[in-house]
Structures are given as C-alpha cells and as structure tokens.
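Encoded as structure tokens, the structure appears first; notes follow it.
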Ligand SMILES: Cc1ncc(C[n+]2csc(CCOP(=O)(O)OP(=O)(O)O)c2C)c(N)n1
C-alpha cells in the first residue's frame, strides 16, 4: 500500500475543546439511549456506537454544512455533528412528531437534505453506490464539495462496496470512504469474513490510496480525514480510511454479545478514545477541572432536555401516515 503523505494540521484550543464536547455528547447520547431501551421507553431499534466516537468526531469535524455524509445505523453522532438538534434526534428515537421522520420510520433511515445527510436503507453497503452518485454530482457540477461514506468491515464484503469503490476510482470522485472496523459484523468476527488483515488494502485494487489507522484516536482520524478531504476538494479523487475500533455494546441493544470474551472487551475499553484525549488536553493545558465540569454539565443538561422534550412530544396521528409521501 503506498504511504499517504502525512497531513499537517493545527487546531486552536477552542477547536480541541469543541472536539472534546462532541465526544462527550455523543457518548452521553448513546448511553442514555441504552438506558431508555432497558426501561422499555424507546420504540426504535438502537445500535449504539459507544467506543467508536472518535471516528464520528474526527471525520465530521472538518466538514462543511454543504458536504454530504452517508451514515450507517451506528452513526447517530454524525447527525448531531452535521447540525441535527439533540431534541430532534431524541424525538426520532421515540418516534414522535418532532423527530426527523415525524414518527414514520424505525429511526435509522431518515436523511436531512438541507444538512447534507443521506437517509440510509437497511441493506448493508447499499449507501456506498449512492454516495458515489452524490460525489459524481459534485464533480459534474464542478463544486468542491465532498462526500463521506461510512460502512463497517462486514459491509466491505458485499458487492455494492466493490462497485462503489471501482466507480469512484475510475471517475476520481470527491469521496472519502470511512470503514468503521469494529471487529464484528453482528456476531461474526472479522477473521471469519475476511482473508486479509486490513480493509484499507482494498483501495489499491481500485486505483486510490487506503490507510488503516487507530480509530480510537480522534486526532489521528481527523488528520487522515483532513488530508483525504483536501485531496478530494482539489479533484484528486477518493481515499479509503479504515478506522480500527471496537463497539462496547452488542450489535444492537437487544444483543448481549455472548460471542466475545470479557478479556477482549476489557482490552478495548482500556483504549477508550475519551480518556486518552482528555489526558492530551490536560497535558496541553487546554482542559482543567473547571472546564471539564463545565463540559460535563452542558452535556448532561443537553441530554436531559432532549429526553424531556422527546418524551413530552406528541405521537403521530394515524390519519397522517400517508402524508408527505411522494413518488
Ligand atoms: C445485505 C445485508 N445483509 C445482512 C444484513 C443484516 N445485518 C445488519 S447489520 C449487520 C452487521 C453489520 O456489520 P458491519 O458492516 O461490520 O457494521 P457494524 O454493525 O459492525 O457497525 C448485518 C449482518 C443487512 N442489513 N444487509
């Protein structure tokens, strides 16, 4: 695999703190959802990304509002970072009228055109050719926008993935493929689905660079994505970034994940992206006890407010089930 040139970047203290806020907010959002599922209060299927937040924050941080993302079932945090209000996102999980789809879908398939969020379908990998199509539009319209397309290592084994990468490579499309390699596709460990160690090497077969990085290091993710986005904006085509990570919970909140060991989970929890980044911020004197408390209070207040708002919002009226439909 050809080495991708190291991208230089500089983030101001306020930007580092903003990244920290997002990591904490996205973690808290998922943790609260997990509790609400156990209390039987959430109607949607819930697929938390706890442990994977550095990928969401590192990839979305350098995006513009008019860039497009094509998220996965596990990427609720990308919606928040792209500008969906926590209240609206929580309402979506409660299937309330104040949610993105006004209570009409299982929470994971809504998009927001104005914010550049594509509504994914359930079929694994199916978002990738659509993402390539969006990138083709940008190329044809000669804008400098980019698309970020997310997928799991499991999805990288389906045909759609290979077609999308091939097309993006041939057309030199402004797209960044982000693989969230969390070691399992549902209950299946990656060694049972792939005969290679790194998904990143697949990019070479389609004529562009792939890189495998520590997906639990928010700055490493940001660095790779910043370089990939800059190349895409300049017309230099796609990049594949494979972020090695781990999901702490089961595939979804109903999955107890008996297929993995406590030792394995403990090993990955010791690589939690948040304390690592906290230590870095403290060492750089960007974060002190008072600021940490401030961020934590803001996060808790935001989540409390979102849950209150969603729980008190109205349910959809069955008579409106067929409104807003178009062909
Ligand atoms: C084409 C297709 N096959 C199977 C499924 C059922 N399914 C949903 S999620 C999932 C596992 C996904 O694993 P991965 O792509 O690694 O993403 P992760 O959930 O680990 O983030 C499976 C098998 C599906 N939705 N679509």
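Residue numbers (the numbering used here): 12 to 338. Heads up, the beta-carbon is just placed ideally off N, CA and C, and yes, glycines get one too. The structure presented is a predicted model; accordingly, all values stated were derived computationally and were not measured.
Residues 223, 253 of the same chain have their beta carbon placed closer than 7 angstroms to that of residue 209, with the five preceding and five following residues left out of the count. The residue from 146, 294, 268, 81 with its alpha-carbon nearest to that of residue 123 is 81.
The beta carbon of residue 138 sits no closer than 7 angstroms to any heavy atom of ligand 1. Proximity to residue 24 across 329, 337, 294, 143 peaks at 294, based on C-alpha coordinates. Annotation note: the region 165-193 contains the following uninterrupted alpha helix (DSSP H) runs of length 4 or greater, listed N- to C-terminal: 170-182.
Only residues of its own chain outside the window of five on either side were considered, and among them 106, 107, 108, 114 have a CB closer than 8 angstroms to the CB of residue 326, listed in chain order. Taking a contact to require three or more Cβ pairs closer than 8 angstroms, the region 192-212 and the region 258-265 qualify as touching.
When beta bridges are read from the DSSP output, residue 225 appears opposite 255. In its chain, beyond the 5 residues on either side, 109, 110, 321, 324 have a beta carbon closer than 6 angstroms to the beta carbon of residue 102.
Residue environment: residue 61 is assigned as buried (16 or more neighbouring CB atoms within 10 Å of its CB, all protein chains considered). Within the same chain, and ignoring the five residues on either side of residue 178 in sequence, the residues whose Cβ sits closer than 6 angstroms to its Cβ are 143. The secondary-structure analysis by DSSP pairs residue 81 across a beta bridge with 160. With fewer than 16 other Cβ atoms from the protein chains shown falling within 10 Å of its own Cβ, residue 308 counts as exposed. At least one heavy atom of ligand 1 is found less than 7 angstroms from the C-beta of residue 193.
Annotated three-state conformation of residue 24 is helix, per DSSP. A contact between stretches requires three or more CB pairs, one per stretch, nearer than 8 angstroms, and the region 85-103 fails this requirement with the region 282-290. Cα atoms of residue 238 and residue 184: separation of roughly 15 angstroms, rounded to the nearest angstrom. Per DSSP, residue 318 is one residue of the alpha helix (DSSP H) stretching across 300-323. For residue 280, the enclosing alpha helix (DSSP H) starts and ends at 273-280. A heavy atom of ligand 1 is found nearer than 7 angstroms to the CB of residue 85.
Residue pairing from DSSP leaves residue 266 without any beta-bridge partner. Of the residues assessed, residue 226 falls on the buried side of the cut-off, its CB having 16 or more other CB atoms within 10 angstroms.
Between the region 44-60 and the region 127-147, the count of Cβ pairs shorter than 8 angstroms is below three; the stretches do not touch. When C-beta atoms of the region 68-83 are compared with those of the region 154-169, three or more pairs fall below 8 angstroms, so the two segments count as touching. Counting only unbroken stretches of 4 or more residues, the alpha helix (DSSP H) elements lying wholly within the region 66-137 are 87-93, 97-104, in sequence order. Classified as buried, residue 167 has 16 or more neighbouring CB atoms from the shown chains inside 10 Å of its CB. The continuous alpha helix (DSSP H) containing residue 294 extends over residues 284-294.
In this structure, residue 239 has its CB at a distance of at least 7 angstroms from all heavy atoms of ligand 1.
Separation of residue 121 and residue 32 (C-alpha to C-alpha, rounded to the nearest whole angstrom) is 25 angstroms. Relative to ligand 1, the beta carbon of residue 262 is positioned inside 7 angstroms of a heavy atom.
As DSSP reads the structure, residue 140 sits in no beta bridge. Under the DSSP definition of a beta bridge, residue 200 partners with 195. Residue 191 is positioned such that its CB atom lies closer than 8 angstroms to that of residue 63.
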